[in-house]
Amino acid sequence: MVNVRIYPLALAKILKHSASFSGIEVAGVLIGKLSGNVIEISDSDTGPQIGTSGHVKLAPTVAPLIAEKIEKQGRGEYIVGWYHSHPGFGCFLSSIDVETQVGLQKMFSQCVALVVDPHDYIMSGRPSDAEVKMFQVQEDKVVSLEYEVLLEKDKLIRNLIDYLERGEEPYSTALDRIRLEVYEWNRKLEEKVNVATEGIEQIREELKSISNILKQDKQPSKV
Ligand SMILES: [Zn+2]
509 MVNVRIYPLA LAKILKHSAS FSGIEVAGVL IGKLSGNVIE ISDSDTGPQI
559 GTSGHVKLAP TVAPLIAEKI EKQGRGEYIV GWYHSHPGFG CFLSSIDVET
609 QVGLQKMFSQ CVALVVDPHD YIMSGRPSDA EVKMFQVQED KVVSLEYEVL
659 LEKDKLIRNL IDYLERGEEP YSTALDRIRL EVYEWNRKLE EKVNVATEGI
709 EQIREELKSI SNILKQDKQP SKV
């Protein structure tokens, strides 16, 4: 039985977001609705967050702002879950993830936790190589949900048209760009520090040999 259907647009945005930060975790929310007992995820969104290689935390304002935005769009959709990445260490729910998920399921019992590991996708460039899993906590146990990627042509095209009509740059794109710039600066700064350290090391060696020469000069000549 399929529990979840996800549209390519939502999946593409999640893959792009997680692959832009291959060494650190990223997170965001899943947007969609409950259709009978199937959760349909049509889109995803994100906002300011702090991530490390093993942890990520969304700013507390992110979900309320996105919820407000979706409501204004009047498409009868809402936040149906959250996503986060596990760069290079596989898809599962850690104990902190379980805690978060249990808290969220208290507010929305069908809340989905999507975990993505973009490592293999980054290496091969093939989206299908990314590991994507969805979870819920049922009776104190983590359950992996069956899902399918919705490939109905009409729905796919309508979804993309809707997205294009909204005409806005996704928040995540602007944020990604800023964060990539910060990373680039850090990398350049690190290179400069390395070059400077090497330079200092060279000067130190030269000073050592000069002082050796001076010492030798001071020794009385035996001739
Ligand atoms: Zn996690």
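Numbers 509 to 731, taken from our numbering, label the letters of the sequence shown in order. We treat Cβ as the ideally placed atom computed from N, Cα and C, and that holds for glycine. Please read these numbers as outputs of a predicted model, since none were measured by experiment.
heavy atom of ligand 1 below 7 Å from residue i C-beta
{"i": "residue 594", "result": "yes"}
{"i": "residue 605", "result": "yes"}
{"i": "residue 652", "result": "no"}
{"i": "residue 623", "result": "yes"}
{"i": "residue 530", "result": "no"}
{"i": "residue 719", "result": "no"}
{"i": "residue 602", "result": "yes"}
Beta-ladder partner(s) of residue i, from DSSP
{"i": "residue 538", "result": "552, 589"}
{"i": "residue 512", "result": "547, 655"}
Rounded Cβ spacing between residue i and residue j (contact assumed at less than 8 Å)
{"i": "residue 553", "j": "residue 564", "result": "Actually they are not in contact, since the Cβ atoms of residue 553 and residue 564 sit about 15 Å apart, beyond 8 Å."}
{"i": "residue 620", "j": "residue 581", "result": "About 20 Å; that fails the 8 Å criterion."}
{"i": "residue 624", "j": "residue 523", "result": "7 Å"}
{"i": "residue 664", "j": "residue 512", "result": "Contact flag wrong, Cβ pair sits at about 17 Å."}
{"i": "residue 530", "j": "residue 669", "result": "Their Cβ separation, rounded to whole angstroms, is 31 Å, which puts residue 530 and residue 669 out of contact at 8 Å."}
{"i": "residue 640", "j": "residue 592", "result": "12 Å between Cβ atoms; not a contact."}
{"i": "residue 549", "j": "residue 540", "result": "4 Å"}
{"i": "residue 622", "j": "residue 589", "result": "6 Å"}
{"i": "residue 571", "j": "residue 587", "result": "6 Å"}
{"i": "residue 618", "j": "residue 542", "result": "6 Å"}
{"i": "residue 585", "j": "residue 574", "result": "About 11 Å separates the two Cβ atoms, so there is no contact after all."}
Sequence-distant residues of the same chain with beta carbon closer than 8 Å to residue i, five excluded per side
{"i": "residue 710", "result": "none"}
{"i": "residue 604", "result": "563"}
{"i": "residue 671", "result": "517, 551"}
Contact set for residue i: own chain, Cβ-Cβ below 7 Å, skip 5 residues either direction
{"i": "residue 520", "result": "none"}
{"i": "residue 532", "result": "559, 560, 561, 595"}
{"i": "residue 514", "result": "549, 655, 657, 658"}
{"i": "residue 583", "result": "none"}
6 Å CB neighbourhood of residue i in its chain, flanking five on each side removed
{"i": "residue 526", "result": "534, 593, 624, 626"}
{"i": "residue 633", "result": "none"}
{"i": "residue 609", "result": "621, 645"}
{"i": "residue 628", "result": "637"}
Residue i: CB within 7 Å of a non-hydrogen atom of ligand 3
{"i": "residue 622", "result": "By its list of ligands, the structure shown excludes ligand 3, since it contains just ligand 1."}
- Message: Just to confirm the assignment: which complete beta strand (DSSP E) runs, minimum length 3, are found wholly within the region 610-662?
- Response: Those beta strand (DSSP E) runs which fall completely within the region 610-662 and span 3+ residues are 620-625, 639-646, 649-653, 655-657.
- Which ranges would you report for the alpha helix (DSSP H) in the region 543-606 if only whole runs of at least 4 residues count? 570-581
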